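I have placed the structure first, in the form of structure tokens, so that the comments after it can refer back to it.
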Amino acid sequence: MLKDATLLRQAALIGAEWIEAAGAGIAVTNPATGALIGHVPDLGATETEAAIAAAEAAQGVWAARTAKERSAILRRWYDLIVANADDVARILTMEQGKPLAEAKGEILYGASFIEWFAEEARRIYGDVIPGHAPDKRIVVIKQPIGVVAAITPWNFPNAMITRKAGPALAAGCAMVLKPASQTPFSAIALAVLAERAGLPAGLFSVITGSARAIGGVMTASDKVRKLTFTGSTEVGIELMRQSAPTVKKLALELGGNAPFIVFDDADLDAAVEGAIVSKFRNNGQTCVCANRIYVQAGVYDVFAAKLAARLATLKVGNGLDEDTVFGPLIDVHAVAKVEEHIADATAKGAQVAMGGKRHALGGTFFQPTVLTGVTQDMAIAREETFGPVAPLFRFDTDAGVVAMANDTEFGLASYFYTRDLARAWKVGEQLEYGMVGINTGLISTAEAPFGGIKSSGLGREGSRYGIEEFTEIKYLCFGGI
Ligand code: ADP
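For what it's worth, the numbering used here labels the leading residue of the sequence shown as 371, then goes sequentially.
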């Protein structure tokens with residue numbers, strides 16, 4: 371039960387207007403049980419245009435306020451999210467499936483971006499550049515980019531929104547958001563709390579409905595100056611194409627295929643814990659999840675045994691049950707992809723060291739799985755699995771494993787475990803990834819720049835770099851001095 375039932379609102383927010391679903395529209399279900407949670411309205415082009423117009427109307431006034439005033443409102447939003455964290459986490463677990471403790475972790479992690487960018491709002495500094503002529507002076511200022519459109523996925527229904535909305539609003543932009551249709555209630559709860567925090571109407575609209583129709587209007591609009599998207603590479607490329615005619619700025623957080631390397635000098639117990647955190651967080655459904663685990667030959671068998679033994683102690687179940695560590699997968703397509711990857715790997719010679727099948731709980735539950743004898747020619751080496759499968763590859767040399775790790779179109783997160791300082795530096799520099807975890811499986815934090823290279827995307831979220839993404843540089847040339 372929620373302490374505050376008004377946080378589960380079956381409505382979308384367009385400018386100042388709440389549009390109620392009234393029992394129709396898109397049905398949202400709990401992936402653990404299939405039970406109906408409620409409906410959100412099925413909106414499209416007209417409402418998207420209205421939200422963009424409201425954003426445009428509100429943005430100039432918002433940008434003209436002092437950074438301190440914007441910061442204070444964002445801080446109130448942060449405080450309200452934290453004060454209501456139990457309820458917002460419960461809503462998240464109901465629609466997404468992750469265990470409550472993990473959902474609560476996401477809410478606090480998500481809120482930390484609002485807090486961080488509330489602080490950063492006051493530090494959007496410009497520059498004074500020595501002039502090129504005696505009578506000239508050069509000044510650089512940073513201004514909000516304007517109206518921003520955001521499209522977010524279901525795997526982090528809260529944090530993928532706050533990571534975008536926090537810096538956008540802090541910089542003086544307005545945001546029109548389309549959340550994933552599987553998990554809209556987390557987005558709507560954020561909008562309810564933003565309204566309570568005193569965020570002026572129009573600055574944060576949440577439109578639920580057809581991705582194609584909403585995305586089409588967002589990308590075509592010349593009022594929208596930036597699109598920020600987290601999701602698949604496939605859809606990211608499509609949005610990039612659609613944004614070309616209006617030359618929009620883009621931030622794209624796309625797929626990953628993270629390598630996780632265990633060298634033979636690693637602290638193996640720490641590496642096992644890191645692998646579990648990195649591989650199995652959100653049941654393997656994060657874009658920074660370890661997708662390929664490379665273990666050096668000398669420690670391969672011990673690592674495999676330790677990993678399987680540790681995993682066997684962790685419970686699969688409904689995320690609302692206290693002791694659950696692994697929830698269900700998001701839907702039947704996710705289960706099918708996991709099964710395909712396991713079938714492909716075993717057909718090509720991999721062995722199932724544990725799991726490998728759908729869980730006895732039924733539905734979209736899947737057994738935590740460890741595969742050994744995995745090689746680069748298997749589908750799992752190329753594609754993101756997005757499920758609870760740990761494939762263990764064997765390697766011999768540093769150069770060999772770095773080459774294998776980099777042999778992918780993706781470049782988001784990577785991880786490795788070693789106790790050798792020189793190796794840590796060298797491998798850290800050689801991995802072609804936007805992020806490298808060294809002796810840790812957990813790298814995401816508001817203080818650090820999150821983002822990828824190659825087909826994993828454009829731009830960075832979080833950190834002091836994250837707010838720059840929502841500003842334009844303007845140069846003022848003062849002459850006749
Ligand atoms: P995932 O594989 O994580 O579901 P998707 O890229 O399919 O990733 O979806 C991420 C977000 O992008 C969701 O909010 C989804 O509704 C939206 N989306 C999917 N297809 C399109 C599209 N053609 N145009 C705009 N948004 C889309």
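All C-beta atoms, glycine included, are put in the ideal place defined by N, C-alpha and C.
Quick caveat, the model's predicted, so the values are computed rather than measured.
The beta carbon of Ser602 sits closer than 8 Å to at least one heavy atom of the ligand ADP. When Cβ pairs closer than 8 Å are counted between the two stretches, the segment 720-728 is seen to touch the segment 737-752, the count reaching three or more. Taking a contact to require three or more Cβ pairs closer than 8 Å, the segment 576-583 and the segment 629-637 do not qualify as touching. As summarised for the segment 762-847, the continuous alpha helix (DSSP H) elements at least 4 residues long and confined to that stretch are 768-776, 791-800, 833-838, given in chain order. Val686 carries a strand assignment under DSSP once its states are collapsed to helix, strand and coil. For Lys548, the shortest separation between its Cβ and any heavy atom of the ligand ADP lies below 8 Å. In the three-state DSSP reduction, Ile577 falls in the coil class, being neither helix nor strand. Per DSSP, Val647 lies in no beta strand (DSSP E) segment; the continuous alpha helix (DSSP H) that holds it begins and ends at 638-650. Bounds of the beta strand (DSSP E) holding Gly743 are 739-744. Between the C-alpha atoms of Ile515 and Val665 there is a straight-line separation of about 45 Å. Linking Ser613 to Asp671 through their CA atoms gives a straight-line distance of about 49 Å.
Gly822 is positioned such that its CB atom lies closer than 9 Å to that of Leu782. The closest heavy atom of the ligand ADP lies 8 Å or more from the beta carbon of Leu413.
Around the C-beta of Gly568, fewer than 16 other C-beta atoms lie within 10 Å, and the residue is accordingly described as exposed. Sequence-distant Cβ neighbours of Gly467 in its own chain, meaning closer than 7 Å and more than five residues away, are Pro401, Ala402, Gly689, Gly697, Pro698, Ile700. Around the beta-carbon of Asp457, 16 or more other beta-carbon atoms lie within 10 Å, marking it buried. Shortest gap from the CB of Pro504 to any heavy atom of the ligand ADP: 8 Å or more. One alpha carbon belongs to Val669, the other to Gly654, and they sit about 24 Å apart. Going by DSSP, Leu478 is part of the alpha helix (DSSP H) stretching over 470-490. Rounded to the nearest whole angstrom, the CA to CA distance from Ala717 to Ala678 is 21 Å. Between the C-alpha atoms of Val587 and Glu419 there is a straight-line separation of about 7 Å. In this structure the segment 433-453 does not touch the segment 593-610; the number of beta carbon pairs closer than 8 Å is below three.
The beta carbon of Phe848 lies closer than 6 Å to those of Arg507 in the same chain, with the five residues before and after it left out.
The alpha-carbon separation between Phe756 and Cys657 amounts to approximately 8 Å. DSSP lists Pro629 as the beta-bridge partner residues of Arg662. For Leu563, the CB contacts under 7 Å within the same chain, skipping 5 residues up- and downstream, are Trp447, Leu450, Ile451, Asn454 in chain order.
Out of Ile422, Gly732, Ile396, the CA that lies nearest to the CA of Asp592 is found in Ile422. Taking 9 Å as the cut-off, the beta carbon of Ile663 is found closer than this to the beta carbon of Ala760. Exclusion of Gly781 from the 8 Å shell around the ligand ADP follows from its C-beta lying no nearer than that to any non-hydrogen atom of the ligand. Between Gly393 and His409, the C-beta gap is smaller than 9 Å, which places the two residues in contact.
Check the Cα spacing between Ala816 and each of Thr376, Ala382, Ala682, Ile477: the tightest is with Ile477.
Between Ala491 and Ile837, the C-beta spacing is below 9 Å. Where Leu547 is concerned, the enclosing beta strand (DSSP E) starts and stops at 544-548.
Measuring C-alpha to C-alpha distances from Gly719 to each of Pro819, Met805, Gly743 identifies Gly743 as the nearest.
In the three-state reduction of the DSSP assignment, Arg435 falls in the coil class, being assigned neither a helical nor a strand state.
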